[in-house]
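Student:
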Amino acid sequence: MKVYTTDRIRNVVILGHGGSGKTSLVEAMAYLSGVTSRMGSVSEGNTVSDYDKEEIKRKFSINTTVMPIIWGDIKVNVLDTPGYFDFVGEAEEAAAAADAAVIVINGKNGVEVGTQKAWDLCEKYKLPRMFFVSNMDVDNASFRQVVEDLTELYGKKIAPIHLPIRENEKFVGYVNVVRQEGRRWLEKGEKEPCDIPDYSMEYLEKYRENLLEAVAETSEEFMDRYFAGEEFSPAEIMAALTMNVDDGSIVPVAMGSPVNFQGVINLLDDIVQYFPSPDKRKIAGINMKTSEIYEANYDFAKAKSAFVFKTIVDPFIGKYSLVKVASGVIKNDDLLYNVNRNEEVKLNKLYVMEGSKPIEIAELHAGDIGAIGKLNVTRTGDSLATKNTPIQYAGIDTSTPYTYKRYFAKNKGEEDKVAQALAKMMLEDLTMKAVNDAENRQTLIYGMGDQHIDIIASKLLTKYKVEIELARPKVAFRETIRKNSDVEAKYKKQSGGHGQYGHVKMRFANSGDMETPYVFEQVVVGGAVPKNYFPAVEKGIQESVQRGPLAAYPVVGVKATLYDGSYHPVDSSEMAFKTAAMQAFKKGFMEASPVLLEPIASLKVTVPDKFTGDVMGDLNKRRGRVLGMNPDHKGSQIIEADIPMMELYGYSTQLRSMTGGAGIFAYEFARYEQAPSDIQAKEVEARASKVNTLED
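Quick note on the numbering used here: the sequence shown kicks off at 361 and runs consecutively.
Now the structure itself:
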């Protein structure tokens, strides 16, 4: 592929709600620009950007893919992202590497939750953006309604640059608001001049007036001309629009039907015209040698540096680190320095990715996006630079996964294979993690939602040929006591030769410290139990608190006091006193009103105002205690509540169902509280049945 200089590059992320038509739009771009020779279809599973087996099977995007589109003498690096919320990490990585965004809206469904989330992501990264209303060939698609809804949400900065023309309820053309000209669609997105229908004139005047106001505000000269009633030329309007789009004060709204190629050529022209090249954007890192801020700003004349915004690990195509060059020109035989890992890496070959297809390239200029193969130590978020100028850029900020499930290897002996496969998948996906919960003897997978975790399990089978089973995770209960007890235990064994003898008298009480398993004291007088056996007694308590007598959960907050006992000068041993202490603990614990403690989480749920009643009602059903509600000043409320951890299972799915995907939540462990009697009874019964099963 030809090498493009910084000013000839556009990096554009395609965002939007799931099912809005992003992949079909990218497919049409690829076809019209000559990347492909035929138009693929999501339903047929043959698009360039949805190449993963899971994507083909499920008919929606799971991964971000890069598609370089050559349009005239400009290279447009299109980043096609998933729209479903479980794969938000992919969109976040792509937005971190983009310089502008196209937010796709399904003309039939209108503005959806994913539309607003895409806008918020653009706000976070300060990306210039425009909307593309897709599916305009569908009968009940309403461009006008979309524009009204967007204007209600985001104000006067919403600026339609096209209007649809319909004849006999069919989408046959459009009106160019800037040029005030009509165009009728021909084959493959080509067009010819046509008259502007009378019904379009009212909205043409309205939308054009909004445009002219925005243009007038770009300079005093334009403002004077505007108030004097002078006309602006199309070239002046487009130049002013470019400035407005770049600073975010205008967001154009275009439209079309990608499956019929309508509006796609216009969109590519608009991307080239209105979106900035990387050298118009800013990026800064830290020079780790001097600790000074380094303004890279995609300057090709500065020292080489880049950051890894995504990793692809595939058993078939290998490992690729997707990079954006922040400064300098990176060549395929360079020796670079991984600033995060303190290790030099020799580049073998440079590529640009065309979906799943790597294409070799000699060099990448500042601002370009490419891929480097086989960087074994390099991870997503790492910075690559020279050892003389070691620049470190900020890592990729992705959402935290809060949904988790327990998993088992389906086939015995494949535990290591599963662990290795999950480790590779975590290099690709920053929003998943596999955790070994040794305390509860379980392995857990965390993801952004139930669907995310199900797809992780499916990928393990299709890509790595290992199968797992998913189950509800065990909750990390604790056991403690509420009252005091006074017990004795004697361990006596005679079997020829030396016997075993240990005898203890102990008191048990609540220590008041729920952070510490136990406190051990001895107040033995007169040598009833020799000092050299005290450590053995404590060892017995130490082992006992690991699995409590009530339901085999760890014990907290117990004070054990050894105050008397007896010993045998020949038969006593450390093992005998340790065993006696364990017997005393079990007896004393069960006599001191034992209780189960359950973990409580501090939960924050952010939802639009209209859903607060439903969400709070659901929290009450889950034994949650709502502590308060505060506005986030963006039209949503933040509900704060304490809730038992066991009640959060399945919450992600339920919250999305109640709020149409608009609600988000986060939580952290807060403390332990006594579990209700019915919960305790169930856990104790479950433990008893497990013991009986083992005995049978």
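Glycine is no exception: its CB is placed at the ideal position from the N, C-alpha and C atoms. None of the values given here were measured: they were computed from a predicted structure.
Does the Cβ of R539 have 16 or more other Cβ atoms within 10 Å, making it buried, or fewer, making it exposed?
Tutor: exposed
Student: By alpha-carbon positions, which one of T972, T749 and K419 ends up nearest to A656?
Tutor: When each option's Cα is compared against that of A656, the closest is T749.
Student: For F660, which residues of its own chain have a beta-carbon under 6 Å away from its beta-carbon, when the five flanking residues on both sides are left out?
Tutor: T366, V689, H725 and A726
Student: Going by other Cβ atoms of all chains shown within 10 Å of its Cβ, with 16 needed for buried, is G589 buried or exposed?
Tutor: exposed
Student: Span of the beta strand (DSSP E) holding K765?
Tutor: T763 to A769
Student: When you compare the CB positions of K1058 and F1025, do they come within less than 8 Å of one another, or not?
Tutor: Absent from the model: residue 1058. The displayed extent of the chain is 361 to 1056, so no value can be given.
Student: Below 8 Å on the Cβ atoms is my guess for Y1032 versus R838; work out the distance and round it to an integer in Å.
Tutor: 5 Å
Student: Which of helix, strand or coil does DSSP assign to K548?
Tutor: helix
Student: Would the stretch 598 to 612 and the stretch 628 to 637 be scored as touching if the rule is three or more Cβ pairs under 8 Å?
Tutor: yes
Student: P618: buried (16+ other C-beta within 10 angstroms of its C-beta) or exposed?
Tutor: buried
Student: Check this for me: beta carbons of A666 and V685, under 8 Å apart or not?
Tutor: yes
Student: Excluding the 5 residues flanking I883 on each side, which residues of the same chain have their C-beta closer than 7 Å to its C-beta?
Tutor: Checking the displayed sequence, the identity of residue 883 turns out to be Val instead of Ile. So the qualifying residues of the chain are T921 and Y923.
Student: Between the Cα of N570 and those of R544, S579, D412 and I597, spot the shortest distance and give me the residue it belongs to.
Tutor: I597
Student: Enumerate in chain order the residues of its own chain whose CB-to-CB distance from E898 is below 6 Å, with the five nearest sequence positions on each side excluded.
Tutor: F880
Student: For N1052 and P833, I'd like the C-alpha separation in whole angstroms.
Tutor: Per-residue confidence for N1052 stands at a pLDDT of 48, beneath the threshold of 50, marking its modelled position as unreliable; the derived number appears in the next sentence. Going by C-alpha positions, N1052 is about 22 Å away from P833.
Student: In this structure, does DSSP put E450 in helix, strand or coil?
Tutor: Residue state for E450 is assigned as helix, using DSSP reduced to three classes.
Student: Would you say D1002 and G984 are within 8 Å of each other, going by their C-beta atoms?
Tutor: yes
Student: Rounded to a whole number of angstroms, what is the C-alpha to C-alpha distance between G730 and I465?
Tutor: Going by the C-alpha atoms only, they are around 28 Å apart.
Student: Going by DSSP in three states, P1004 sits in which element: helix, strand or coil?
Tutor: strand
Student: Does DSSP put H812 in a helix, in a strand, or in coil?
Tutor: helix
Student: From N620 to Y411, what distance separates their C-alpha atoms?
Tutor: Their backbone Cα atoms lie some 22 Å apart in a straight line.
Student: Is there a C-beta anywhere in chain D that falls below 8 Å from the one on K717?
Tutor: In summary, chain D is missing from the structure at hand, where a single protein chain is found.
Student: Could you check which residue in V778, I901, N528 and V537 has the C-alpha nearest to that of A595?
Tutor: V537
Student: Along the chain, which unbroken stretches of the alpha helix (DSSP H) at least 4 residues long are found entirely within the stretch 486 to 561?
Tutor: Those alpha helix (DSSP H) runs which fall completely within the stretch 486 to 561 and span 4+ residues are 503 to 514.
Student: Considering only C-alpha positions, which residue in the set V986, A456, G886 and G900 is nearest to G862?
Tutor: G900
Student: Report back the beta-carbon spacing between I756 and E453 to the nearest angstrom; my notes put them in contact at under 8 Å.
Tutor: Rounded to the nearest angstrom, the Cβ distance from I756 to E453 is 5 Å, consistent with a contact under 8 Å.
Student: For I610, collect the residues of the same chain with a Cβ closer than 7 Å to its Cβ; drop the 5 residues on either side in sequence, then sort them by chain order.
Tutor: Once the five neighbours on either side are set aside, the close Cβ partners of I610 are K517, A519, A574, L601 and N604.
Student: When the Cα atoms are used, what is the spatial distance from Q860 to K1042?
Tutor: 38 Å
Student: Using the Cβ count rule (16 or more neighbours within 10 Å means buried), how would you classify N469?
Tutor: buried
Student: Quick check: the Cα distance between V506 and S494, rounded to an integer number of angstroms?
Tutor: 11 Å
Student: Which residue wins for smallest C-alpha separation from Q780, given the options G887, V826 and R766?
Tutor: When only C-alpha atoms are compared, the closest one is V826.
Student: In the DSSP output, what is L830 paired with across the bridge?
Tutor: Answer is Y767, bridged to L830.
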